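Below is one structure, written out as structure tokens; comments come after it.
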Amino acid sequence: MTLYGPDTSNNNFRSASDAIAFVSQLPGQGFSWIEQKVSEGSYYRDPYWPVIAQWCQQNHFPCIGYHYVTTNSPAAQAQTWLSNNGGKYAMLDFEANSGDINNFWAVVNAFNAVGVTISLSYIPHWYWQQIGSPDISQVPGLIASNYVNGTGYASNLYPGNDNQRYWFPYGGATPQILQFTDAALIGNLSVDCNAFQGTLDQLISLLNGGTVTQPDPTTATLNQILAIVQDIQTQLRGPNLNGWPQLGQNAAGQNLTIVDAVAALRADVYALKAASSV
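In terms of the working numbering, the sequence shown opens at residue 248 and continues consecutively.
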């Protein structure tokens, strides 16, 4: 089962009535939840969060607020969230100008310290690469983004559960939610939209995720080293340690490894030299 939910902010609405008109369409159009901006850094509170959150509560519609992470004081960012009544569960929007992975965890810990659980973490692949491809195996509820072309209804735009192209893991984490478009049509608006693979109960459980704290740096480093070692082993001995078919086979019909192929090449070179000297 694939569930859909839009991602909205102050950029999508001109008034509180616009925001209510938008969110009130969602259940009837088959959407299962909404992610709405609450705050940004230590300086901004989204004016439409309170009305959307209230509507969702009154109508029993799943909703989670998100905070756009900056490099301002983590404690001040947590207070900005609280000052707009963001709630006890939060999604972190970690992308352009959000700092490095240490800043991400500093903000997670600051939110935890004031009683707010981080349930979801929007860390797009491009930004993960930009900050040095760190270990993110312990981040709560990874949300990835990979946009399809065009505009239209979310269910028509969704590319399917293609793990290789859209849902692929990175940094040791597998995406729990995929933001697959920035042009889903809902009413008269074109908005970001997400997909979740699972049941509504599973989605609600994810939105109400448990507290996650910064992993042991030693463990993160070991995970990165292990990934490198496994890659080297595969390059030397082939997939599943069964050699590389493109390097040829030995007398027993087994694929050659890099070492086998170099040894065979060396033997061929010596044979050619011996033949040319006769």
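We treat Cβ as the ideally placed atom computed from N, Cα and C, and that holds for glycine. Computed from a predicted structure; not experimentally measured.
Run of the beta strand (DSSP E) containing residue i, from where it starts to where it stops
i: Trp491; result: Trp491 to Gln496
i: Gln283; result: Ile281 to Glu287
i: Tyr315; result: Cys310 to Tyr315
i: Ile390; result: Leu389 to Ser392
i: Pro253; result: Thr249 to Thr255
i: Gln368; result: Inspection of the sequence shows that residue 368 is occupied by Ser rather than by Gln. Segment Thr364 to Tyr369, the beta strand (DSSP E) holding Ser368.
Residues of its chain near residue i, where Cβ-Cβ distance is below 8 Å and the 5 sequence neighbours each way are ignored
i: Val459; result: Unreliable positioning characterises Val459 in this predicted model, as indicated by a pLDDT of 46, which lies under 50. A coordinate reading is not provided.
i: Asp439; result: Pro253, Asp254, Thr255, Gln426, Thr428, Asp429 and Ala431
i: Met248; result: Gln444, Gly445 and Thr446
i: Asn257; result: Lys284, Asp293, Pro294 and Tyr295
i: Ala518; result: none
i: Val298; result: Ala263, Ala266 and Ile267
Same chain only: Cβ atoms within 7 Å of residue i, ignoring 5 sequence neighbours per side
i: Pro492; result: Asn502
i: Leu447; result: Leu250 and Ser279
i: Ile395; result: In the sequence as displayed, the identity of residue 395 is Val instead of Ile. Closer than 7 Å at the Cβ level, and outside the excluded window around Val395, lie Leu404, Pro406, Phe427 and Thr428.
i: Leu329; result: Val361
6 Å CB neighbourhood of residue i in its chain, flanking five on each side removed
i: Ala430; result: Thr398 and Ser437
i: Asp347; result: Ile378
i: Ile424; result: Ile390, Asn441 and Phe443
i: Pro321; result: Ala353, Val354 and Ala357
i: Val316; result: Leu339, Phe341, Ser345 and Val354
i: Gln461; result: With a pLDDT of 49 at Gln461, under the threshold of 50, the modelled position of this residue cannot be trusted, and the question is left open.
i: Gly495; result: Leu503
Exposure of residue i, with buried meaning 16 or more beta-carbon neighbours within 10 Å
i: Leu367; result: buried
i: Gly485; result: buried
i: His307; result: exposed
i: Gln324; result: buried
i: Leu273; result: buried
i: Leu450; result: buried
i: Gly490; result: buried
i: Ile383; result: buried
i: Tyr290; result: exposed
i: Ile479; result: exposed
i: Gly333; result: buried
i: Trp373; result: exposed
i: Gly312; result: buried
i: Leu454; result: buried
i: Phe415; result: exposed
i: Asp507; result: buried
i: Gly456; result: buried
i: Ser392; result: buried
i: Gly275; result: exposed
i: Val361; result: exposed
i: Val270; result: buried
i: Ser286; result: buried
i: Ala337; result: buried
Beta-bridge pairing of residue i - partner residues as DSSP gives them
i: Tyr417; result: Ala420
i: Val438; result: Ala431
i: Phe443; result: Leu250 and Ile424
i: Asp340; result: Tyr315 and Tyr369
i: Gly399; result: Ala431
i: Asn502; result: Gln496
i: Arg292; result: Ser286
Delimiting residues of the alpha helix (DSSP H) encompassing residue i
i: Ile505; result: Ile505 to Ser523
i: Tyr374; result: His372 to Gln377
i: Val354; result: Ile348 to Ala360
i: Asp409; result: Where Asp409 is concerned, there is no enclosing alpha helix (DSSP H), given that its DSSP letter is neither H nor E.
i: Ile267; result: Ala263 to Gln272
i: Ile383; result: Neither: Ile383 is in no alpha helix (DSSP H) and is coded neither H nor E.
i: Ser330; result: Pro321 to Ser330
Closer than 7 Å: residue i CB and nearest the ligand NAD heavy atom
i: Ile424; result: Summarising the ligand content, the structure contains no ligands, and the ligand NAD is consequently not present.
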